[in-house]
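Report on the following structure.
Chains as they are written, first to last, in the numbering used here: chain A, -2 to 546; chain B, 56 to 380.
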């Protein structure tokens, strides 16, 4: 049942009870009144008859004193009229218990009246006096009747008075009872509204403070309060789920960006190492080239100094081996770096995906907030209606009016909370989008880097093959030097070629080193972005931590 | 909540239903009042004597003490017994009989209703539930005799009794003693009509006594007495009435009446019964109690001396100096 229906029902029942009581009272009073009228009328009739009989008695006595035509007429007329009156009283008398007196009076009077014609004819004063005295007998019966009727009437009036008093008291008593019951009912009614609303206000305050941890059960009610509680409960749950999801996502982002940042630092370091190594290598290669140059000079002298030549060839061979080893190291470092880059790229992509999902969730939050805003608007409307109803109910609704204003406050607070959520979500979303862009740029950079690495690796491998081949050639030269002097010429030529290649390599290496430096700068840039992301994620996490889930 | 209202309405109904009505039982509404029932004697109301006096007493009781009064007449019940029986059935506080003529019937009914209080005026009964009330008629008759003696010029006065009986003889004796107290030589003529309801007979006897020079006549003979009084009036002589003030019967002749205050007897009975409950016994009402008196003197040149003389005799009666044989 809705609050309005309950309110109307309680008022209706009270009104019905009061009207019923009043109706009852009126019926009772009406009945008493009609009894009073009937018996009172009869009493008056008896009393009148007594008076008329007294007149008649007096008329007879006057006739006894002074016989005259006039007196005769009067006496006879009165006796005739009284005979009719007594008969009428006898026929209409209501109270059976007292009827015997009427009957006797009537019988006596009719006996007396039989003597009237002879009395009038004889005009005997003694007889007339006796007749007057006999009328006293009728009067006595009537008097007894009068007394009894009067006492009965008195009792009736006393009863009417008692009844009226009792009815007044009852009405008062029942009215007080009803008012009391109504007051208790209204109190219970107001409490049944105020209590849940207090609870809702408390929860709403918690929500607006960002505490979503309370998992409250909506009461089993079918009225507006029940609906409000259920919608608040649902909002609380949904909001909490969303916040938890945001929180965990931002936490994950934070951890990931932290990890990515560490990885990047590593990459930068490795990249530095690699630059150094390449630089070293370039230096080594130059040395080899220089050595080869000098070897060429020496080889000219080799014709003469094979032994020395052999020694030098061996040294060159050893140098080649060293270059090979250095190059192998370089490739390893490069492979390491490439692996790290690939990993960073994968992480970057996953980060980007997370980010996209996170953005979707912020949209969900916005929808949620819109829902809450809708609920708040409804609540506000409801509170307005409630305030109008309370005003209409007057004093009885004052409690409910307070409740209505509480509900209005709640709606406003909810609206505020929703607005703060909106702005928060917008900030988060802007940060996320920016982050996503940075990530995309970083991933692209990394991809370019990786292809650079691959190219470099190929070039290194080729160089290594060349160096290896030189080493073999040197070894072969060393063994053949002894055998053929003429072959020394070709060696010199080959060494010259090798020296050119070596110079080329050295130049390539310098190029690689420069590219590595560029890469390092790019990595440092990524690192900075990562730090930003980390910071944003941390802010986001702090924001979501604001909600106690 | 609904149940609460329901029980409230139920409670209300019970409270209202609790106001039981007296309307169904009118008799119960009439508060307990004392009631006296009197069986009037002889001709009943209009006798201008005993019955009318009794009615006067009943009216006094009714007016002053709020008693219910009821009565029966012989014309109604045919026998005294019927009247007593009818009143006894109504269970009044007391059923009263007037005159010795109803005594037998009253005692018969009194035996039948031993718990009912009865009373008899002018006769004495031995039954435990019958209160007897008599008058000192001799005292009143003594004063009447004195008045007659003082008024008589012929030194001859007359007495007419209704029926020779101890009661009426008390009248005669008192009358004679009173007359002798004034004038020991005075002659008192005495006749009995042997009928209480024969004015003609009274007329004859009165005329006979007046022929024998009686000039003041005293009648103790009920309705018969009214014939005596009217006869005296016709002859221009004086008469003394009995029981009630009988001036109206013969306005020019009746100089006084020996008043038997039956109304006082009725109220006396009522008060005694009211105070002491069921009782027998015998109460006599005389000059002292105010049960006997003389009506104011009329139709005579009454002097202060004569008045003083009557007052002296009254004192004699009160202090026992006067002796009635």
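Glycine included, every Cβ here is placed at the ideal spot set by N, Cα and C.
- When the five nearest sequence neighbours on each side are left out, the beta carbons in the same chain lying within less than 8 Å of the beta carbon of residue 140/A are those of 47, in order along the chain.
- Residues of chain A with a Cβ closer than 7 Å to the Cβ of residue 123/B are, in chain order, 141 and 144.
- Under the 10 Å beta carbon count, residue 139/B is surrounded by 16 or more other beta carbons and is classified as buried.
- Taking C-beta atoms as the reference points, residue 319/B and residue 340/B count as a pair closer than 8 Å.
- In chain order, 101, 103 and 303 make up the part of chain B whose C-beta sits under 8 Å from the C-beta of residue 126/A.
- Where residue 95/B is concerned, there is no enclosing beta strand (DSSP E), because DSSP gives it neither an H nor an E.
- Looking only at 78/A, 350/A and 378/A, the smallest Cα-Cα distance to residue 433/A is reached by 350/A.
- Listed along the chain, the chain B residues whose CB falls inside 8 Å of the CB of residue 374/A amount to none; the nearest CB is some 34 Å away.
- As DSSP reads the structure, residue 370/B sits in no beta bridge.
- The beta carbon of residue 130/A sits closer than 8 Å to some beta carbon of chain B.
- In the DSSP annotation of this structure, the continuous segment of the beta strand (DSSP E) that includes residue 295/B starts and ends at 293 to 298.
- Taking a Cβ-Cβ cut-off of 9 Å, the neighbours of residue 117/B in chain A comprise 137, 140, 141 and 144, given in sequence order.
- Residues of chain A whose Cβ lies closer than 8 Å to the Cβ of residue 281/B are, in chain order, 123.
- Under the three-state reduction of DSSP output, residue 303/B falls in the coil class, being neither helix nor strand.
- Rounded to the nearest angstrom, the Cβ distance from residue -1/A to residue 221/A is 6 Å, consistent with a contact under 8 Å.
- Residue range 309 to 315 is occupied by the beta strand (DSSP E) that includes residue 315/B.
- DSSP places residue 93/A outside any alpha helix (DSSP H), giving it a letter other than H or E.
- Residue contact with chain A for residue 107/B: present (Cβ-Cβ distance below 8 Å to some residue of chain A).
- Separation of the CB atoms of residue 108/B and residue 299/B is rounded to 5 Å, and the pair is thereby assigned contact status at 8 Å.
- Here residue 5/A is exposed, its C-beta having fewer than 16 other C-beta atoms within 10 Å.
- Residue 364/B is positioned such that its CB atom lies closer than 8 Å to that of residue 205/B.
- Scanning chain A for C-beta atoms nearer than 8 Å to the C-beta of residue 110/B yields 130, 133, 134 and 137, reported in chain order.
- With a threshold of 16 other beta carbon atoms within 10 Å, residue 181/A falls short and is exposed.
- Close partners of residue 126/B in chain A (Cβ separation under 8 Å): 134 and 137.
- Setting aside the 5 residues that flank it on each side, residue 181/B is surrounded in the same chain by 335, each with a C-beta closer than 8 Å to its C-beta; the list follows chain order.
- Residue 285/B and residue 211/B have their C-alpha atoms spaced approximately 19 Å apart.
- Looking at the DSSP output, residue 337/B shares a beta bridge with 187/B.
- By the Cβ criterion, the segment 102 to 110 of chain A is in contact with the segment 71 to 86 of chain A, since at least three pairs of Cβ atoms, one from each stretch, lie closer than 8 Å.
- For the 8 Å CB-CB criterion, residue 328/B and residue 149/B form a contact.
- Inclusion of residue 293/B and residue 362/B in the CB contact set at 8 Å is not warranted, their separation being larger than that value.
- For residue 178/B, the three-state secondary structure derived from DSSP is strand.
- A Cβ-Cβ contact shorter than 8 Å links residue 309/B with residue 296/B.
- The DSSP-derived three-state label of residue -1/A is coil.
- Residue state for residue 42/A is assigned as helix, using DSSP reduced to three classes.
- Residue 242/B: member of the beta strand (DSSP E) spanning 242 to 247, first to last residue.
- Looking at 402/A, 18/A and 128/A, the one whose alpha-carbon comes closest to that of residue 173/A is 18/A.
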